[in-house]
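Visitor: For the sequence shown, my numbering gives the first residue as 53, with consecutive numbering after it. Next up is a structure, given as structure tokens.
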Amino acid sequence: MTRVSLWSMDASADGELDLRARRAASDAASSVSVASEIRDFWDADAAVYDTSPSHYPRRPQEQAAWAGALRRLLPEPPATVMDVGAGTGFLSLLLAAQGYAVTAVDLSPGMLARLQAKAADRDLSIEVVEAEAVTPPPGDFDAVVERHLLWTLPDPAQALTAWREAAPKGRLVVVEGSWGSTWATGTEGWRAKARGLAGRVRVSEPGHHDHYSDRVQAALPHAQGMSPDEAVSLVQASPWGQARLERLRDVEWALVEGRGIVDELLGTHPRWAVVAGS
Ligand SMILES: C[S@@+](CC[C@H](N)C(=O)[O-])C[C@H]1O[C@@H](n2cnc3c(N)ncnc32)[C@H](O)[C@@H]1O
Numbered sequence: 053m054t055r056v057s058l059w060s061m062d063a064s065a066d067g068e069l070d071l072r073a074r075r076a077a078s079d080a081a082s083s084v085s086v087a088s089e090i091r092d093f094w095d096a097d098a099a100v101y102d103t104s105p106s107h108y109p110r111r112p113q114e115q116a117a118w119a120g121a122l123r124r125l126l127p128e129p130p131a132t133v134m135d136v137g138a139g140t141g142f143l144s145l146l147l148a149a150q151g152y153a154v155t156a157v158d159l160s161p162g163m164l165a166r167l168q169a170k171a172a173d174r175d176l177s178i179e180v181v182e183a184e185a186v187t188p189p190p191g192d193f194d195a196v197v198e199r200h201l202l203w204t205l206p207d208p209a210q211a212l213t214a215w216r217e218a219a220p221k222g223r224l225v226v227v228e229g230s231w232g233s234t235w236a237t238g239t240e241g242w243r244a245k246a247r248g249l250a251g252r253v254r255v256s257e258p259g260h261h262d263h264y265s266d267r268v269q270a271a272l273p274h275a276q277g278m279s280p281d282e283a284v285s286l287v288q289a290s291p292w293g294q295a296r297l298e299r300l301r302d303v304e305w306a307l308v309e310g311r312g313i314v315d316e317l318l319g320t321h322p323r324w325a326v327v328a329g330s
């Protein structure tokens, strides 16, 4: 009796182990295929990404506002900075132009090729690394920055842990924005709704070549965007610890400045940064 029962326990333990191993293998395969679908998406997007002024602001006052915000939030140049999910290089180029030693990391060779072409045009030196956000190059960076990456990571907490290992004594600057109207109340809520309506009647650049598939969206915990509350909580729960939140009002102002009365009245969605580390 005992032997039978022991045998059946072993058999069920083996069965469970086997099932767990198979589940782990299938999870790993599915996360690899999600990652490759995300990489293919951005490789295809590289051709259109910079056409959207909110992706790649070109006006001098907007570039200067972003440069000023980065300088305010980061240690002084020539600090070493890893820009994760660097894309076509909006942050990396602004940083390199200010004398930072920049390492640009991205999983999409297509996006990185655009970054490299722009850096070469401007005679800027930027180290480029094709890698997953969760496996950044080893280093002892003075700072890690990212803009608009966290929302598209299947496991942002794992990425934050990996970045802390790459900058154990450094600073983290996470730059995100609150799109849509769900975040806003009162007057800001009405302005956000009005911007949404205006966006429907205005002819604007598409910005992206497509949307993520349902499968990719289902794999991303923040596919619909990340609120300041979620970003601060995520950073504070990570090895970066205590964080502060800054609204980038100078960037918002520069974005509508000089665009005419309608845009100034409608305003723009909030840009903000979560800063942690030393
Ligand atoms: C919305 S774009 C932002 C690009 C750039 N940071 C900017 O501010 O314009 C997101 C970027 O993250 C990259 N990306 C997405 N998932 C990634 C991952 N798991 N690891 C590294 N890069 C990733 C994409 O290839 C793309 O270049």
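Just so it is clear, CB atoms sit at the ideal spot from N, CA and C, and this is done for glycine as well. Since this is a predicted model, take the numbers as computed values, not measurements.
Do you know offhand how far Glu316's Cα is from Ala117's?
Guide: Each residue's Cα considered, the two are about 17 Å apart.
Visitor: With 16 other CB atoms within 10 Å as the buried threshold, where does Val56 fall?
Guide: Legend: pLDDT at Val56 = 31, less than 50; position of this residue unreliable, no value from coordinates given.
Visitor: Using only alpha-carbon positions, find the residue among Gln150, Ala165 and Val133 that is nearest to Ala96.
Guide: The residue with the shortest Cα to Cα distance from Ala96 is Ala165.
Visitor: Tell me the DSSP secondary structure of Ser57 in three-state form.
Guide: Low local confidence applies: a pLDDT of 33 at Ser57 is under 50, so the model's placement there is unreliable, with the coordinate-based value given in what follows. Here Ser57 sits in helix by DSSP.
Visitor: Using the C-alpha atoms, what's the distance from Ala195 back to Pro127?
Guide: Each residue's alpha carbon lies about 8 Å from the other.
Visitor: Is the segment 197 to 210 close to the segment 266 to 282, with three or more CB pairs under 8 Å?
Guide: Verdict: yes, contact present.
Visitor: Which residues in the same chain as Gly151 place their Cβ atom closer than 7 Å to its Cβ, once the five residues preceding and following it in sequence are excluded?
Guide: The answer, listed in chain order, is Pro129 and Pro130.
Visitor: Using the Cβ count rule (16 or more neighbours within 10 Å means buried), how would you classify Leu167?
Guide: By the 10 Å Cβ count, Leu167 comes out buried.
Visitor: From the DSSP output, in three-state form, read off Thr140 for me.
Guide: The answer is coil: DSSP assigns Thr140 none of H, G, I, E or B.
Visitor: Whose C-beta lies closer than 6 Å to the C-beta of Gly329 among residues of the same chain, with five residues either side of it excluded?
Guide: Around Gly329: Gly222, Arg223, Leu224 and Trp292.
Visitor: From Arg296 to Leu318, what distance separates their C-alpha atoms?
Guide: Roughly 28 Å separates the two Cα atoms.
Visitor: Smallest Cα separation from Ala211: which of Gly259, Ala289, Gln269 and Ala149?
Guide: It is Ala289.
Visitor: Given the structure, does His107 come close to ligand 1, in the sense that its CB is under 7 Å from one of the ligand's heavy atoms?
Guide: Checking the Cβ of His107 against ligand 1 gives yes.
Visitor: What number of angstroms, rounded off, separates the C-alpha of Leu249 from the C-alpha of Glu240?
Guide: Each residue's alpha carbon lies about 14 Å from the other.
Visitor: Regarding Thr132 and ligand 1, is the C-beta to nearest heavy atom distance less than 7 Å?
Guide: Thr132 Cβ: outside cutoff for every heavy atom of ligand 1.
Visitor: Within the chosen definition, does the segment 299 to 313 reach the segment 107 to 124 through at least 3 CB pairs nearer than 8 Å?
Guide: Yes, since at least three Cβ pairs between the segment 299 to 313 and the segment 107 to 124 fall closer than 8 Å, the two stretches touch.
Visitor: Using the Cα positions of Pro189 and Arg72, report the straight-line distance between them to the nearest angstrom.
Guide: Distance between the alpha carbons of Pro189 and Arg72 is about 31 Å.
Visitor: Using a Cβ-based criterion (distance less than 7 Å to any ligand heavy atom), does Asp158 qualify as near ligand 1?
Guide: The answer is yes for Asp158.
Visitor: From Trp231 to Glu184, what does the alpha carbon distance come to, in whole angstroms?
Guide: For Trp231 and Glu184, the distance between alpha carbons rounds to 25 Å.
Visitor: Mind listing, in chain order, the continuous beta strand (DSSP E) runs of no fewer than 3 residues lying wholly within the segment 240 to 316?
Guide: DSSP runs (the beta strand (DSSP E)) wholly in the segment 240 to 316: 295 to 299.
Visitor: Measuring CA to CA, which of His321, Ala325, Leu286 and Tyr264 is closest to Ile90?
Guide: The candidate whose alpha carbon is nearest that of Ile90 is Tyr264.
Visitor: Given that a residue counts as buried once 16 or more other Cβ atoms are within 10 Å of its Cβ, and exposed if not, what is Gly312?
Guide: The residue in question, Gly312, is exposed, as its Cβ has fewer than 16 Cβ neighbours within 10 Å.
Visitor: Excluding five sequence neighbours on each side, which residues of the same chain lie with their C-beta closer than 8 Å to the C-beta of Val314?
Guide: Result list for Val314: Ala250, in chain order.
Visitor: Measure the alpha-carbon distance for Phe193 versus Ala153 and round it to whole angstroms.
Guide: One C-alpha to the other measures close to 10 Å.
Visitor: Tell me, please, which residues DSSP counts as bridged to Trp324.
Guide: DSSP lists Glu228 and Arg299 as partners of Trp324.
Visitor: Could you give the first and the last residue of the continuous beta strand (DSSP E) run that contains Arg216?
Guide: Careful: Arg216 lies outside any beta strand (DSSP E), inside the alpha helix (DSSP H) at Pro208 to Ala218.
Visitor: Given this structure, state the Cα-to-Cα distance separating Thr155 from Leu145, to the nearest angstrom.
Guide: The alpha-carbon atoms of Thr155 and Leu145 are separated by roughly 11 Å.
Visitor: If you draw a straight line from the alpha carbon of Ala9 to that of Asp70, how long is it in whole angstroms?
Guide: No answer is possible for residue 9: the residues shown for the chain start at 53 and end at 330.
Visitor: Please report the Cβ distance between Thr140 and Met163, rounded to the nearest whole angstrom; I am assuming they are in contact, meaning their Cβ atoms lie under 8 Å.
Guide: Between Met163 and Thr140 the Cβ distance is about 6 Å, and since that is below 8 Å, they are a contact.
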